[in-house]
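**Student:** Residue numbers (our numbering): 2 to 254. Note that beta-carbon positions come from the ideal geometry of N, C-alpha and C, so glycine has one too. Please read these numbers as outputs of a predicted model, since none were measured by experiment. The following block contains the structure, expressed as structure tokens.
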Amino acid sequence: MTRLPRLLWLNVERQFLTWSGAWWFVFALAAGQLVPPLVGLAVWHAVLPDSSRVTSYYLAVLFVAATTASYENHTFAQRIYKGTIADDLLRPQPAVLGPLGENLAIRAWIGLTAVPVVVLVAATTTVSFPPGALAAALPAWLGAGLLRFLFTWCLALTAFWTERVHAITAFATTVLYLLGGTAVPVDLLPRPWAELAPYLPFYAMLGLPADIATAGAGPVRGLLVQAGWLLATGALAVVLWRRGLRRHTAVGG
2 MTRLPRLLWL NVERQFLTWS GAWWFVFALA AGQLVPPLVG LAVWHAVLPD
52 SSRVTSYYLA VLFVAATTAS YENHTFAQRI YKGTIADDLL RPQPAVLGPL
102 GENLAIRAWI GLTAVPVVVL VAATTTVSFP PGALAAALPA WLGAGLLRFL
152 FTWCLALTAF WTERVHAITA FATTVLYLLG GTAVPVDLLP RPWAELAPYL
202 PFYAMLGLPA DIATAGAGPV RGLLVQAGWL LATGALAVVL WRRGLRRHTA
252 VGG
């Protein structure tokens, strides 16, 4: 195991053990991720009761939402506000490993909490996934997890300039809910949103893996769009980090 993967694993392990003492808060975070897809499932199952595709889609969204959750606006932005980010800068490792390790640990806990809900929904509704569709959705799911982390980390990095990170993130979360495929499957959105949504980053974070899993979208175009947004948010994160550090140094001395 090379140095960086080992350091990342140690960060994940440490944060996983740390969060084990806050199981009640993990349940609250899990509820925040699970309730919106469950509401969408209830609404659209009532509208289209004979559509197993809708039920399967929302089951997939439920899983994707739980396993790609990101809270850097709370965990990382608070380190900027409190000044403890200086500790991260002194460690002999890239500063992103800390937030990424905590991100993966939180996702692991939320994912474990979500498993019984996913099993219950699958057992009480009619769901079906075409052969090979779940395997085809795996790259999109991994990309969605990375994109959601980078997107939220970019929002958290605005803490170098503003104290309203939580308000900014709340707005972005609302847009993610509306255009990411949770409130409405993107192909059921009214025009022109149905045509625009697949090219936005929000769909690549949630709806894309679910659509591929239920064979509702061709994977090639979606994966290319997702890759483009990964490059864009990655580049933006680098720019915000470097400029934010210069501002932090100038203000803090």
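Spell out a yes or no on whether the stretch 96-103 and the stretch 167-182 are touching, meaning 3 or more CB-CB pairs, one atom from each, closer than 8 Å.
**Tutor:** no
**Student:** Going by other Cβ atoms of all chains shown within 10 Å of its Cβ, with 16 needed for buried, is residue 212 buried or exposed?
**Tutor:** buried
**Student:** How far does the alpha helix (DSSP H) with residue 14 in it reach, from first residue to last?
**Tutor:** 4-20
**Student:** Within 10 angstroms of its Cβ, does residue 95 collect 16 or more other Cβ (buried), or is it exposed?
**Tutor:** exposed
**Student:** Could you tell me if the beta carbon of residue 152 falls within a distance shorter than 7 Å of some heavy atom in the ligand COA?
**Tutor:** This structure does not include the ligand COA; it has no bound ligands of any sort.
**Student:** State the start and end residues of the unbroken alpha helix (DSSP H) segment that holds residue 128.
**Tutor:** Premise fails: residue 128 is in no alpha helix (DSSP H) and is neither H nor E.
**Student:** Indicate the three-state DSSP secondary structure (helix, strand or coil) for residue 174 in the structure shown.
**Tutor:** helix
**Student:** Take residue 123 as the anchor and find which of 59, 224 and 92 has the nearest alpha-carbon.
**Tutor:** Comparing Cα-Cα distances from residue 123 to each of 59, 224 and 92, the minimum goes to 59.
**Student:** Measure the CB-CB distance between residue 141 and residue 210 and report whether it falls below 8 Å.
**Tutor:** yes
**Student:** What is the DSSP secondary structure of residue 185, reduced to helix, strand or coil?
**Tutor:** The answer is coil: DSSP assigns residue 185 none of H, G, I, E or B.
**Student:** Classify residue 117 as helix, strand or coil using the three-state DSSP reduction.
**Tutor:** Note: residue 117 maps to helix in three-state DSSP.
**Student:** Identify whether residue 140 lies in helix, strand or coil by the three-state DSSP scheme.
**Tutor:** Annotated three-state conformation of residue 140 is helix, per DSSP.
**Student:** Go ahead and pull the three-state DSSP assignment for residue 204.
**Tutor:** Assignment of residue 204 by DSSP, reduced to helix, strand and coil, places it in the helix class.
**Student:** With distance defined between alpha-carbon atoms, name the residue in 166, 70 and 151 nearest to residue 256.
**Tutor:** The shown model of the chain, from 2 to 254, leaves out residue 256, and the question about it has no answer.
**Student:** For residue 103, which three-state DSSP category applies?
**Tutor:** Residue state for residue 103 is assigned as helix, using DSSP reduced to three classes.
**Student:** Going by DSSP in three states, residue 190 sits in which element: helix, strand or coil?
**Tutor:** coil
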